[in-house]
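Residue numbering for the sequence shown follows the working numbering, beginning at 17 and increasing consecutively. For every residue, glycine included, the Cβ atom is placed at its ideal position computed from N, Cα and C.
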Amino acid sequence: MQQDRVVQYGQWLIKRRWPVLFGMLLIAVAAMAGVMHMQLKNEYRVFFGEDNPQLQAFDKLEKIYTKNDNVLLVIAPKDGNVFSSETLSVVENLTHEAWQIPYAIRVDGVTNFQHTRAEEDDLIVADLVIDAKDMDQAALDNARQVAISDARLVNYLIPKRAHVTGINVTLQLPANSPQAEMDAVTKTREMIAKIEAENPQIDFYLTGFTMLNNAFQESSMQDMQSLVPLMYLGIFGVMGVLLRSVSGTLSTGVVIILSMGTGLGLAGWLGLPMTPPASAAPTIIMTLAVADSIHVLVTLLQQMRLGHSKQEAIVESLRVNMLPVFLTSLTTVIGFLSMNFSDVPPLNDLGNMTALGVVAAFVYSVTLLPVMMAILPLRVKVKAEASDTQMDHLANWVIAKRNPLLWSAAFSVLVLGAFLPSNDLNDQFVKYFDESTDFRKDTDFAMANLSGIYQIHYSVGAERSNGISDPVYLNRLEAFATWFRQQPGVVHVNTLSETMKTLNMNMHADDPAYYRLPESTELAAQYLLLYEMSLPYGLDLNNQINVDKSATRLMVTLENVTTKELRYLVEAGEQWLTDEAPPYMFAKGIGPGVMFAYVSDRNIKSMLIGTVLAFILIAIVLMVALRSWRFGLISFLPNLVPAVLGFGIWGVFVGEINLGLSVVVGMTLGIVVDDTVHFLSKYLRARREH
Numbered sequence: 017m018q019q020d021r022v023v024q025y026g027q028w029l030i031k032r033r034w035p036v037l038f039g040m041l042l043i044a045v046a047a048m049a050g051v052m053h054m055q056l057k058n059e060y061r062v063f064f065g066e067d068n069p070q071l072q073a074f075d076k077l078e079k080i081y082t083k084n085d086n087v088l089l090v091i092a093p094k095d096g097n098v099f100s101s102e103t104l105s106v107v108e109n110l111t112h113e114a115w116q117i118p119y120a121i122r123v124d125g126v127t128n129f130q131h132t133r134a135e136e137d138d139l140i141v142a143d144l145v146i147d148a149k150d151m152d153q154a155a156l157d158n159a160r161q162v163a164i165s166d167a168r169l170v171n172y173l174i175p176k177r178a179h180v181t182g183i184n185v186t187l188q189l190p191a192n193s194p195q196a197e198m199d200a201v202t203k204t205r206e207m208i209a210k211i212e213a214e215n216p217q218i219d220f221y222l223t224g225f226t227m228l229n230n231a232f233q234e235s236s237m238q239d240m241q242s243l244v245p246l247m248y249l250g251i252f253g254v255m256g257v258l259l260r261s262v263s264g265t266l267s268t269g270v271v272i273i274l275s276m277g278t279g280l281g282l283a284g285w286l287g288l289p290m291t292p293p294a295s296a297a298p299t300i301i302m303t304l305a306v307a308d309s310i311h312v313l314v315t316l317l318q319q320m321r322l323g324h325s326k327q328e329a330i331v332e333s334l335r336v337n338m339l340p341v342f343l344t345s346l347t348t349v350i351g352f353l354s355m356n357f358s359d360v361p362p363l364n365d366l367g368n369m370t371a372l373g374v375v376a377a378f379v380y381s382v383t384l385l386p387v388m389m390a391i392l393p394l395r396v397k398v399k400a401e402a403s404d405t406q407m408d409h410l411a412n413w414v415i416a417k418r419n420p421l422l423w424s425a426a427f428s429v430l431v432l433g434a435f436l437p438s439n440d441l442n443d444q445f446v447k448y449f450d451e452s453t454d455f456r457k458d459t460d461f462a463m464a465n466l467s468g469i470y471q472i473h474y475s476v477g478a479e480r481s482n483g484i485s486d487p488v489y490l491n492r493l494e495a496f497a498t499w500f501r502q503q504p505g506v507v508h509v510n511t512l513s514e515t516m517k518t519l520n521m522n523m524h525a526d527d528p529a530y531y532r533l534p535e536s537t538e539l540a541a542q543y544l545l546l547y548e549m550s551l552p553y554g555l556d557l558n559n560q561i562n563v564d565k566s567a568t569r570l571m572v573t574l575e576n577v578t579t580k581e582l583r584y585l586v587e588a589g590e591q592w593l594t595d596e597a598p599p600y601m602f603a604k605g606i607g608p609g610v611m612f613a614y615v616s617d618r619n620i621k622s623m624l625i626g627t628v629l630a631f632i633l634i635a636i637v638l639m640v641a642l643r644s645w646r647f648g649l650i651s652f653l654p655n656l657v658p659a660v661l662g663f664g665i666w667g668v669f670v671g672e673i674n675l676g677l678s679v680v681v682g683m684t685l686g687i688v689v690d691d692t693v694h695f696l697s698k699y700l701r702a703r704r705e706h
């Protein structure tokens with residue numbers, strides 16, 4: 017009865033082919049118009065939901081202090097000496113120029129570092145380097161010694177070797193404004209290009225979180241401009257060879273384009289943003305649209321080679337493929353919708369966009385594709401014998417060798433499955449980018465030569481307003497910083513206690529014996545007030561002290577640590593505060609790197625739930641559709657084994673799983689099920705009809 021309805025539907029399509037063609041094209045155009053409403057989001061924050069505890073804590077920290085968006089300019093003279101008159105002059109000029117970057121609110125460099133010294137009874141606060149081009153060698157040597165001796169600078173903006181230096185530009189970017197970010201990046205690059213052309217003896221590198229956000233967008237665009245056209249070329253080339261039909265290849269191309277456009281358009285109408293991970297949706301939709309179309313076209317062409325008319329072949333192809341194509345589309349949609357269990361919003365969006373595109377691909381492949389094939393000319397050479405000799409040989413060989421094949425497959429699954437525990441979660445966001453990208457190369461250079469990009473921030477509270485001058489607070493803060501400096505992977509710790517020790521020494525005639533914390537609250541408060549009043553605009557302590565002086569920010573900079581090591585340091589720091597400091601000083605370790613470190617862990621746990629539910633739902637769908645509980649249960653094996661083999665091989669050769677890989681099972685489940693469904697449904701149909 018069901019087959020009769022499909023036959024009637026196929027006959028109706030052929031009869032009404034022109035109205036159906038124009039009607040489907042109108043629907044497609046209306047759906048694709050939603051692309052105009054799709055918002056582009058490319059900052060790293062999109063990877064975290066509004067309820068993400070680390071993001072909430074980080075947003076709170078940025079409201080108390082200053083924003084963390086920044087551009088880090090790394091200056092590397094080819095002679096390996098930053099403290100030459102020529103190089104320092106370039107650094108000094110670039111520090112001034114950096115204020116012209118849109119939305120810059122602070123510029124920190126070696127030359128404008130606020131160096132303090134005693135002069136009789138006065139505290140002198142001034143730029144470390146003034147008019148570098150006029151400095152003699154003694155002054156240059158003195159500036160170098162100060163820079164590499166000051167804990168606030170060394171391994172942050174200058175390494176001990178002083179062979180490179182950095183200028184950190186803090187930006188106050190408006191919320192949800194990709195254009196503002198692009199403006200800042202464009203201005204920075206123009207500025208560096210100009211200075212680099214004038215100073216060929218110096219190399220320049222750009223990194224920082226603003227450059228990271230921009231790299232996400234640029235990488236997505238570059239992939240779409242280079243890889244996607246190559247993929248199109250490959251797919252259409254293979255289709256042309258396999259189908260040997262211009263009409264079939266062109267019709268499939270129309271289905272692909274409309275499926276991708278409809279998926280993205282409907283996403284736009286629903287308010288889903290376009291993010292770097294979601295930019296993969298068109299590629300996935302294309303793959304699935306090709307699969308649907310190929311199934312319909314192959315059967316159609318096979319029927320015509322057997323001598324059937326084109327109309328009869330179209331109807332028969334729909335009869336044979338309607339159920340399996342529907343089932344593969346439904347199970348694929350279930351697989352991609354399971355990505356909504358992910359803790360990462362862009363991966364939710366990717367799953368939803370792809371699911372919409374898969375539905376569109378199914379609709380177009382059973383409406384538009386048959387209609388176009390009915391309209392377009394199609395010549396197929398009739399063959400008396402249409403059997404596929406190679407496939408027959410393969411089938412006979414598999415049947416004859418079923419026991420050895422089964423046991424060898426089981427052995428392979430067991431062996432490779434044993435390597436699943438070898439995969440560790442590691443989400444170093446710098447490694448999201450290929451080593452050939454400018455951001456990756458520049459960031460790797462900065463981490464190897466200057467400082468790290470991964471940071472942990474602690475907003476350490478005092479007991480009361482103005483309590484940061486309390487010696488008890490300062491001593492515990494200093495002890496916390498000292499403990500962190502002793503931890504593996506830590507390259508720099510920035511804390512108020514360093515400034516207070518320097519001020520105490522300055523106020524005692526620069527006597528090194530007094531390089532320690534002030535002994536009373538009154539002295540500490542006076543020193544701090546005097547220092548703050550001497551600081552120029554844009555270099556105040558707002559990035560380190562809150563408004564009522566009841567908390568300070570301690571910032572830990574790390575080398576290229578793994579996610580596991582970063583989580584350990586965060587939790588160890590929190591435990592130290594619990595054990596060694598008063599309760600009011602307790603703070604959570606936060607920062608962009610910390611957010612990435614924890615989101616993969618939560619994501620893989622939530623995706624495990626989503627994937628298990630998807631497996632169960634798919635099995636139930638197959639039991640009902642195939643009218644066989646036995647084959648529904650059997651489907652578990654071919655659906656699960658590819659994931660086990662894939663991650664087992666990954667465990668052998670790589671051993672690291674990041675944010676993207678944590679959703680691979682959910683993403684590929686629908687694609688894997690495609691093969692299972694077509695094989696089982698056609699196997700059962702053959703048994704029932706023959």
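In its chain, beyond the 5 residues on either side, M521 have a beta carbon closer than 7 Å to the beta carbon of P528.
The beta carbon of V689 sits closer than 7 Å to the beta carbons of T344, T347, T348, G351, I634, N655 from its chain, once the five residues preceding and following it are set aside; these are given in chain order.
With contacts defined by Cβ atoms closer than 8 Å, F455 and T223 form a contacting pair.
In this chain, the beta strand (DSSP E) harbouring N184 covers 181-187. Within the region 35-106, the beta strand (DSSP E) runs of at least 3 residues that lie entirely inside it are, in chain order, 86-93.
Cβ neighbours of A497 within its own chain (closer than 8 Å, five residues either side excluded): V509, T511, S513, E514, L570. Ranked by how close their Cα comes to the Cα of S485, the residues Q502, P534, Q471, N439 have P534 in first place. Taking L696 as reference, the option from N337, V375, F129 with the minimal CA-CA separation is N337.
Nearest C-alpha to A148 among P194, S101, T181: S101. Annotation: I208 is outside any beta strand (DSSP E); the continuous alpha helix (DSSP H) that includes it extends over 194-214.
Between A92 and I251, the CB-CB gap reaches or exceeds 8 Å. G287 counts as exposed, since fewer than 16 other C-beta atoms from the protein chains shown sit within 10 angstroms of its C-beta. Within the region 565-603, the runs of alpha helix (DSSP H) at least 4 residues long that lie entirely inside it are, in chain order, 579-596.
Residue environment for D157: exposed (fewer than 16 other C-beta atoms within 10 angstroms of its C-beta). M48 has its alpha-carbon roughly 29 Å from the corresponding atom of L316. Listed in chain order, the non-local C-beta contacts of N482 below 8 Å within the same chain comprise A541, D564, K565, S566, local neighbours out to five positions each way being set aside. When DSSP states are grouped into helix, strand and coil, R122 belongs to the strand group. Taken atom to atom, the span from the alpha-carbon of N184 to that of N171 is near 13 Å.
DSSP places M523 in the coil class of the three-state scheme, outside both helix and strand.
Only residues of its own chain outside the window of five on either side were considered, and among them V145, A148 have a CB closer than 6 Å to the CB of L104, listed in chain order. Taken through DSSP and simplified to helix, strand or coil, D157 comes out as helix. Contact check for A329 against M54 fails: the beta carbons are separated by 8 Å or more. The Cβ atoms of V90 and A464 lie no closer than 8 Å to each other.
Distance from the CA atom of V257 to the CA atom of A411, rounded to whole angstroms, is 23 Å.
Annotation for H508: no alpha helix (DSSP H) segment contains it, though the beta strand (DSSP E) segment containing it runs 506-510. In terms of Cα proximity to S325, the closest of A390, A296, V312 is A390. Beta-bridge partners assigned by DSSP to E548: none are found. Counting along the chain, no beta strand (DSSP E) covers S325, and no H or E run does either. Sorting S358, T111, L363, K397 by C-alpha distance to the C-alpha of I211 places T111 at the top.
Comparing alpha-carbon positions, the option among F99, N192, R133, P175 lying closest to A154 turns out to be F99.
Residue state for D143 is assigned as strand, using DSSP reduced to three classes. With a cut-off of 8 Å on Cβ pairs, the region 69-76 is in contact with the region 607-619, counting three or more such pairs. In the structure shown, the three-state DSSP call for E514 is helix.
Across the structure, E197 and I117 are spaced so that their CA atoms are roughly 10 Å apart. Per DSSP, reduced to three states, the secondary structure at M290 is strand. Between the C-alpha atoms of V341 and A425 there is a straight-line separation of about 28 Å.
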